[in-house]
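Peer 1: FYI, the numbering for the sequence shown is 1 to 382, going by full-length UniProt numbering.
Think of the CB as a built atom: it goes at the ideal place given N, C-alpha and C, for glycine as much as any other residue.
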Amino acid sequence: MKEFNFKIPQNIQFGMGSLKKLPEILMENQSDHVFLISDRGLEKIGVVKKIQDIIEAGGIKCTSYLDVIPNPTVTIVNEATALYKECGATSMVALGGGSSMDVAKAVGVLAKYGGEITDYEGNHKVPGPIVPMIAIPTTAGTGSEVTASAVITDESRNYKLSVFSYENLPKYAILDPELIMTAPASIAASCGVDALIHAMEAYISTNASPFSDAMAEKAMELIGGNIRRFVANRKDEEAACAMMAGCNFAGIAFAWARLGNVHAMSHPVSAYFNVPHGVANSILLPTVMEYNALADHGRYQVIYNYICEGAKVTEDFRAEMLVEALKKLNRDLGIPETLSEVGVKEEMIPAMAEDAMKSGNIPANPRQTSLKDIIALYHKAL
Ligand SMILES: [Zn+2]
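#1: Taking only heavy atoms of ligand 1 into account, decide whether any of them is closer than 8 Å to the Cβ of D102.
#2: Using only Cβ atoms and a threshold of 7 Å, which residues come within that distance of a heavy atom of ligand 1? Order them by chain position.
#3: Quick one, are the C-beta atoms of N248 and L284 less than 9 Å apart?
#4: Using a Cβ-Cβ cutoff of less than 7 Å, which residues in the same chain neighbour I45 once the five nearest sequence positions on both sides are dropped?
#5: Check D154 in the structure and name its three-state DSSP category.
#6: Please name the residue, chosen from I60, I180, R331 and G143, that lies closest to I25 on a Cα-to-Cα basis.
#7: Between which two residues does the beta strand (DSSP E) harbouring F4 extend?
#8: Please classify L382: does DSSP put it in a helix, a strand, or coil?
#9: Look at the alpha carbon of I130 and the alpha carbon of G108, and state the distance between them as a whole number of angstroms.
#10: So what does DSSP say about N123, is it helix, strand or coil?
#11: Tell me the DSSP secondary structure of A364 in three-state form.
#12: Please name the residue or residues paired with P276 in a DSSP beta bridge.
#13: Can you give me the Cβ contacts of G128 inside the same chain, cut-off strictly under 7 Å, excluding the 5 residues immediately before and after it?
#14: Considering Cα atoms alone, identify which of D154, V344 and T138 is closest to P72.
#15: Under three-state DSSP, which class holds Q13?
#16: Between L42 and G96, how many whole angstroms is the CB-CB distance? I'm expecting something under 8 Å.
#17: Give me whichever residues DSSP pairs with Y159 in a beta bridge.
#18: Using only the alpha-carbon positions, how far apart do L294 and N226 sit?
#19: Let's test the definition: count the other Cβ atoms within 10 Å of the Cβ of F4 and tell me whether it reaches 16, buried, or not, exposed.
#20: Taking the alpha helix (DSSP H) that residue 405 belongs to, which residues open and close that run?
#21: Measure the C-alpha to C-alpha separation of E324 and N207 and round it to an integer number of angstroms.
#22: Which runs of the alpha helix (DSSP H), 4 residues or longer, sit entirely within the segment 320-372?
#23: Measure the C-alpha to C-alpha separation of L326 and A280 and round it to an integer number of angstroms.
#24: Under 8 Å, with one C-beta from each stretch per pair, do the segment 258-275 and the segment 337-353 reach the 3-pair mark?
#25: At which residue ranges does the segment 64-116 contain complete alpha helix (DSSP H) runs of 4 or more residues, listed in the order of the chain?
#26: At 4 residues or longer, what runs of the alpha helix (DSSP H) sit wholly inside the segment 154-231?
#27: What residues match up with F35 in a beta bridge as DSSP calls it?
#28: Looking at C-alpha atoms only, which residue of R367, E86, I335 and K372 is the closest neighbour of P276?
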């Protein structure tokens with residue numbers, strides 16, 4: 001067994017309606033002025049107002065930045081940082097999907113240590129604790145409330161840069177399944193498959209440990225057993241709870257075990273063609289799992305049994321069965337099958353492959369991968 005290290009420094013509050021605990025959590029954090037980071041979509045459906053009201057009812061001042069977009073950019077981070085500094089807040093609430101949390105983490109770094117976000121690109125460059133943050137996810141999901149990365153798109157390079165540091169971890173996470181019950185089916189599907197990929201890639205990663213395995217297996221059980229039911233009916237309370245907890249566990253698993261080729265390859269797809277993260281990952285998944293089959297040592301069968309409820313196999317299992325099951329899952333959930341369907345152009349493959357090779361997830365992939373391999377995988381997924 002390899003050496004391993006882990007911690008879960010966040011306080012995680014889970015439960016239907018747990019949002020009402022926000023005022024006491026804010027009090028505990030002794031902040032009298034909170035900076036809320038979210039997006040216009042959540043403003044439109046009234047979720048932002050609900051949170052603002054809860055904060056202000058606790059006698060705490062709230063300044064909001066609501067212009068976060070999917071695949072958030074360096075410009076957005078700079079705008080939000082300027083507003084944070086100007087308003088004089090001392091803590092943050094990140095409300096939304098992965099994008100709001102990515103922006104909040106980046107603001108937390110820049111507000112504390114200055115400079116540009118590109119100065120902190122790579123692993124472990126953040127010098128110390130960032131601005132304290134409470135993460136409230138509204139999708140199930142990225143698991144960003146428990147992960148160490150802030151992924152920001154640098155428009156000048158069409159590149160998704162990653163700031164990976166355990167200093168980025170939010171202090172507190174409130175997981176209220178009520179918040180994910182208004183998601184459209186397409187978002188529930190692609191975010192749910194993305195979370196399943198977090199668990200799967202962590203589970204077959206070269207950095208996997210008994211700790212990350214435990215989190216990944218429970219995540220696959222919860223997500224695998226509920227994703228169809230949840231996409232079919234987001235008002236299904238039991239399925240929503242299972243998805244919310246499963247996505248969080250998947251996040252904890254990959255925060256420590258890292259990911260693999262699916263995520264390495266999906267970031268350039270999103271950076272060049274603005275494809276949502278979950279959609280890009282879901283499309284790439286069967287192709288990458290087919291490639292990684294050579295490195296399997298019994299784990300594919302475990303994954304298969306978690307995602308194919310009632311179809312458990314104990315003998316005669318073949319890796320192709322998992323690849324086929326993943327394709328079927330995508331089809332059942334209405335996810336596009338190929339990269340060309342979401343507008344990816346063949347001529348960009350060499351540039352995307354170069355960028356994919358820079359990802360910290362390439363060394364964690366179970367089968368060693370060269371630039372030539374990535375090019376072949378993009379062609380196959382096209
Ligand atoms: Zn992901």
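Peer 2: Result, derived from the coordinates:
#1: Flag unset: Cβ of D102 not near ligand 1.
#2: Those residues are T142, D194, I197, H198, H263, H277, G278 and N281, given in chain order.
#3: Contact: no.
#4: Non-local beta-carbon contacts of I45 in its own chain, meaning distances under 7 Å to residues more than five positions away in sequence, involve T182 in chain order.
#5: Of the three classes helix, strand and coil, the one that applies to D154 here is strand, per DSSP.
#6: Cα-wise, what sits closest to I25 is I60.
#7: Run containing F4: none; DSSP gives neither H nor E here.
#8: Secondary structure of L382 (DSSP, three-state): coil.
#9: One C-alpha to the other measures close to 5 Å.
#10: Looking at N123 - three-state DSSP - the assignment turns out to be strand.
#11: Of the three classes helix, strand and coil, the one that applies to A364 here is coil, per DSSP.
#12: The partner list for P276 (beta bridge, DSSP) is empty, contrary to what the question assumes.
#13: The residues E167, in chain order, have a CB closer than 7 Å to that of G128 in the same chain once the five nearest residues on each side in sequence are set aside.
#14: Of D154, V344 and T138, the residue nearest in Cα terms is D154.
#15: In this structure, Q13 counts as strand in the three-state DSSP scheme.
#16: Their Cβ separation, rounded to whole angstroms, is 6 Å, which keeps L42 and G96 in contact under 8 Å.
#17: Beta-bridge pairing by DSSP links Y159 to D154.
#18: Taking the straight line joining both Cα atoms gives about 29 Å.
#19: Exposed, by the Cβ-count rule.
#20: In this structure the chain extends from 1 to 382, so residue 405 is not present and cannot be described.
#21: Cα to Cα, the separation comes out at about 26 Å.
#22: Qualifying alpha helix (DSSP H) stretches, in chain order: 349-357.
#23: For L326 and A280, the distance between alpha carbons rounds to 14 Å.
#24: By the Cβ test, the segment 258-275 is in contact with the segment 337-353, since at least three Cβ pairs between them sit closer than 8 Å.
#25: The qualifying runs are 74-87 and 98-113.
#26: As far as the segment 154-231 is concerned, its whole alpha helix (DSSP H) runs of at least 4 residues are 185-204.
#27: Beta-bridge analysis with DSSP links F35 to T63 and M92.
#28: Per the Cα distances, I335.
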